[in-house]
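Colleague: Numbering follows numbering that gives the first Met the number 0, in which position 78 of the sequence shown is assigned residue number 77; successive positions increment by one, without gaps.
Each residue gets a CB set at the ideal place from its N, CA and C atoms; glycine is no exception.
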Amino acid sequence: MSEANDRNKAIIDEFRANEGRVGGYFEGRTLLLLHTKGAKSKQERINPVAYVKDGDRFVVIASKGGAPTNPDWYYNIVADPALTVEVGTEKFQVRATVAEEPERTRLYNKMIEMMPGFGDYQQKTTRKIPVIVLTPVK
0 MSEANDRNKA
10 IIDEFRANEG
20 RVGGYFEGRT
30 LLLLHTKGAK
40 SKQERINPVA
50 YVKDGDRFVV
60 IASKGGAPTN
70 PDWYYNIVAD
80 PALTVEVGTE
90 KFQVRATVAE
100 EPERTRLYNK
110 MIEMMPGFGD
120 YQQKTTRKIP
130 VIVLTPVK
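1) What residues match up with Thr134 in a beta bridge as DSSP calls it?
2) Would the beta-carbon of Val93 fall within 8 Å of that of Pro135?
3) How is Ile10 classed by DSSP in three states: helix, strand or coil?
4) For a quick check, are the C-beta atoms of Ala61 and Asn69 less than 8 Å apart?
5) Quick one, are the C-beta atoms of Tyr50 and Thr35 less than 8 Å apart?
6) Less than 8 Å between C-beta atoms, sequence neighbours within five positions excluded: which residues of the same chain meet that for Thr96?
7) Nearest by alpha-carbon distance to Phe85: which of Ala66, Thr104 and Gly19 is it?
8) Going along the chain, which unbroken runs of the beta strand (DSSP E) with 3 or more residues stay wholly within the stretch 15-60?
9) Taking all protein chains shown into account, do 16 or more other C-beta atoms lie within 10 angstroms of the C-beta of Ala98, making it buried, or fewer, making it exposed?
10) Taking a contact to mean a Cβ-Cβ separation below 8 Å, would you say Arg44 touches Asn75 in this structure?
11) How would you call Asn4, buried or exposed, if buried means at least 16 neighbouring beta carbons within 10 angstroms?
12) Across which residues does DSSP place Val77 in a beta bridge pair?
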């Protein structure tokens, strides 16, 4: 297992043991567990991701810390936008869409208000960081 996978597993375990709350970098922040299917492997993947609410929708940012490439989970979402998320102790289905302008910028700025580090990520890369809207399926 890679270092990133080990770190994610530790965050996932802590999230589930503490009703969605974790310490460290994400302490006091809103965090969800994003369940996707590998675009190629079709195997389930779970990634802890910071989110901000927009009405009844959840917004996540495919920042990868400002890396030059999108995170793998972004490609999984594009391949299959029917997802499951865990928020606190709840687990439910959502439909993912990639936000277009001007909504993308509005939602990205909303995330920066909550976690200013996302502004740094935007400065570190030349790619346009995708913003994904997760709408609960009723």
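Modeller: The answer reads as follows:
1) Arg94
2) Taking 8 Å as the Cβ cut-off, Val93 and Pro135 qualify as a contacting pair.
3) helix
4) Yes.
5) no
6) Pro80, Ile131, Val132 and Thr134
7) Contrary to the premise, residue 85 reads as Glu rather than Phe in this sequence. When each option's Cα is compared against that of Glu85, the closest is Gly19.
8) Counting only runs of at least 3 residues, the stretch 15-60 fully encloses the following beta strand (DSSP E) elements, listed from N- to C-terminal order: 30-36, 43-49, 51-53 and 56-60.
9) buried
10) Yes.
11) exposed
12) Paired residues: none, contrary to the question.
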